[in-house]
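Mapped onto our numbering, the consecutive letters of the sequence shown carry residue numbers 37 to 308. Glycine residues also receive a C-beta, built at the ideal position from the N, C-alpha and C atoms. Everything on this sheet refers to the single structure shown next.
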Amino acid sequence: MLLDLHTHSTASDGTFSPEGLVLEASKRQLKYLSLTDHDTIDGLSQITSIPDELIFINGIEISAEFPKTLHILGYGFDQRNVELNNTLKELQNFRLNRNKKMIENMKALGFDITLEELVKEAGGELIGRPHFANLFARKGYVNSYQEAFDKYLDKGKPLYMNKKRLQPKKAIQLILDAGGIPVIAHPYQTKLSNNELEELVVELTVFGLMGIEVFYSQHTRDQIKFYKYIADKYSLLITAGSDFHGSTKPHIKLGMTVEDELLRPFIQEVVK
Ligand code: AMP
Ligand code: FE
Ligand code: FE
Ligand code: ZN
Numbered sequence: 037m038l039l040d041l042h043t044h045s046t047a048s049d050g051t052f053s054p055e056g057l058v059l060e061a062s063k064r065q066l067k068y069l070s071l072t073d074h075d076t077i078d079g080l081s082q083i084t085s086i087p088d089e090l091i092f093i094n095g096i097e098i099s100a101e102f103p104k105t106l107h108i109l110g111y112g113f114d115q116r117n118v119e120l121n122n123t124l125k126e127l128q129n130f131r132l133n134r135n136k137k138m139i140e141n142m143k144a145l146g147f148d149i150t151l152e153e154l155v156k157e158a159g160g161e162l163i164g165r166p167h168f169a170n171l172f173a174r175k176g177y178v179n180s181y182q183e184a185f186d187k188y189l190d191k192g193k194p195l196y197m198n199k200k201r202l203q204p205k206k207a208i209q210l211i212l213d214a215g216g217i218p219v220i221a222h223p224y225q226t227k228l229s230n231n232e233l234e235e236l237v238v239e240l241t242v243f244g245l246m247g248i249e250v251f252y253s254q255h256t257r258d259q260i261k262f263y264k265y266i267a268d269k270y271s272l273l274i275t276a277g278s279d280f281h282g283s284t285k286p287h288i289k290l291g292m293t294v295e296d297e298l299l300r301p302f303i304q305e306v307v308k
């Protein structure tokens, strides 16, 4: 089947509006779509109509505290859950302060960026480094979005600032408590060896992890094979997502084709 369970909109760092994304998914004849913005569910409430042929699933992608990258996807939760909304608000407030400090640091290096410009660039509640990178490129401080990261915004570069992340256990618990399904996203981004990753998955499963993103636009055949083995071994649900961001990641297209049978357990769990 054709589906996409991992996408971003203007509510975080994607370039399609939530409604635009639904239209695109419908145009491409996807059967299932989930919007999984980084640390925000604001985009979900911007979706007011969904075509009959498309099944939409509430989603989020939470950045967890980890040496490299650990993202936890959440599906099918109650959007009105108070704890979820309050926790995401706290993360956003932290970001606001971070952004103000980053603007100060930019001024010190001779770059003139205002909070107003940044807010306009972001067009949504969640503002982060990709929006700074776009502004840098637009203002001619760099030649491209990527150059902004390579020279200034990447970890270890002069304008990088850390952000507040939830502990993995807390991220998983938050999703479970809101009635959702927690899933480990793009496992290779943890940069762990297969053995280490397996240990991590065991640990997260104790916290309540229910699934693993076996199919991902950037996974190699070997990675898919190993993640599928892990899913089988620990009875985890299998998910599939591209990580579509629109024109900020132009190499990633919307939609993934995966055998129905492999996705069925997840679909049954989330659409019940
Ligand atoms: P932030 O949450 O503000 O720290 O921004 C994180 C986002 O920045 C990620 O989701 C990526 O889209 C983007 N990003 C992080 N590192 C890089 C990089 N080295 N090159 C390009 N984009 C990056
Ligand atoms: Fe992103
Ligand atoms: Fe991610
Ligand atoms: Zn993502």
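Inset, instruction - Would you decide whether H42 is buried or exposed? Buried here means 16 or more other CB atoms lie within 10 Å of its CB. - result: buried
Inset, instruction - Express the C-alpha separation of I208 and V219 in angstroms, rounding to a whole number. - result: 8 Å
Legend entry - Length of the line joining the Cα atoms of F92 and D268: 26 Å
Legend entry - Boundaries of the beta strand (DSSP E) in which D40 is found, first to last residue: L38 to D40
Inset, instruction - Answer yes or no: the CB of F185 versus the heavy atoms of ligand 1, is any distance below 6 Å? - result: yes
Inset, instruction - Enumerate, from N- to C-terminal direction, the unbroken alpha helix (DSSP H) stretches of 4 or more residues contained entirely within the region 123-185. - result: Within the region 123-185, the complete alpha helix (DSSP H) runs of at least 4 residues are 151-158, 165-174 and 181-184.
Legend entry - Coarse secondary structure for S70, derived from DSSP in three states: Here DSSP, grouped into helix, strand and coil, assigns S70 to strand.
Inset, instruction - Taking only the alpha-carbon atoms, compute the straight-line gap between E157 and T72 and give it to the nearest angstrom. - result: 20 Å
Inset, instruction - Run the proximity test for D49: is its beta-carbon closer than 6 Å to any non-hydrogen atom belonging to ligand 4? - result: no
Legend entry - Range covered by the alpha helix (DSSP H) that runs through Y265: R257 to K269
Legend entry - Proximity below 7 Å, CB of S48 to CB of T76: yes
Inset, instruction - State yes or no: is the C-beta of K63 nearer than 6 Å to some heavy atom of ligand 6? - result: Annotation note on ligand 6: not contained in the displayed structure, which lists ligand 1, ligand 2, ligand 3 and ligand 4 as its ligands.
Inset, instruction - Report the rounded CA-to-CA distance for Y224 versus Q259, giving the unit in angstroms. - result: 8 Å
Legend entry - H107 CB to nearest heavy atom of ligand 3 below 6 Å: yes
Legend entry - Contact test: A207 Cβ vs ligand 3 heavy atom, cutoff 6 Å: No, Cβ of A207 sits at least 6 Å from all heavy atoms of ligand 3.
Legend entry - The beta strand (DSSP E) enclosing L106, as first and last residue numbers: L106 to Y111
Legend entry - 7 Å Cβ cutoff met for I266 and V237: yes
Inset, instruction - Whole angstroms is fine: what's the gap from L298's alpha carbon to F251's? - result: 10 Å
Inset, instruction - List the endpoints of the continuous beta strand (DSSP E) containing P218. - result: I217 to I220
Inset, instruction - Return helix, strand or coil for L273, following the three-state DSSP convention. - result: Three-state DSSP puts L273 in a strand.
Inset, instruction - Compare the C-alpha of Q65 against each of L80, F52, G79 and M37 and name the closest. - result: M37
Inset, instruction - Return helix, strand or coil for F243, following the three-state DSSP convention. - result: helix
Inset, instruction - Give the straight-line distance between the Cα atoms of P166 and Y181, rounded to the nearest whole angstrom. - result: 8 Å
Legend entry - Extent of the continuous beta strand (DSSP E) run through F280: For F280, there is no enclosing beta strand (DSSP E), as DSSP gives it neither H nor E.
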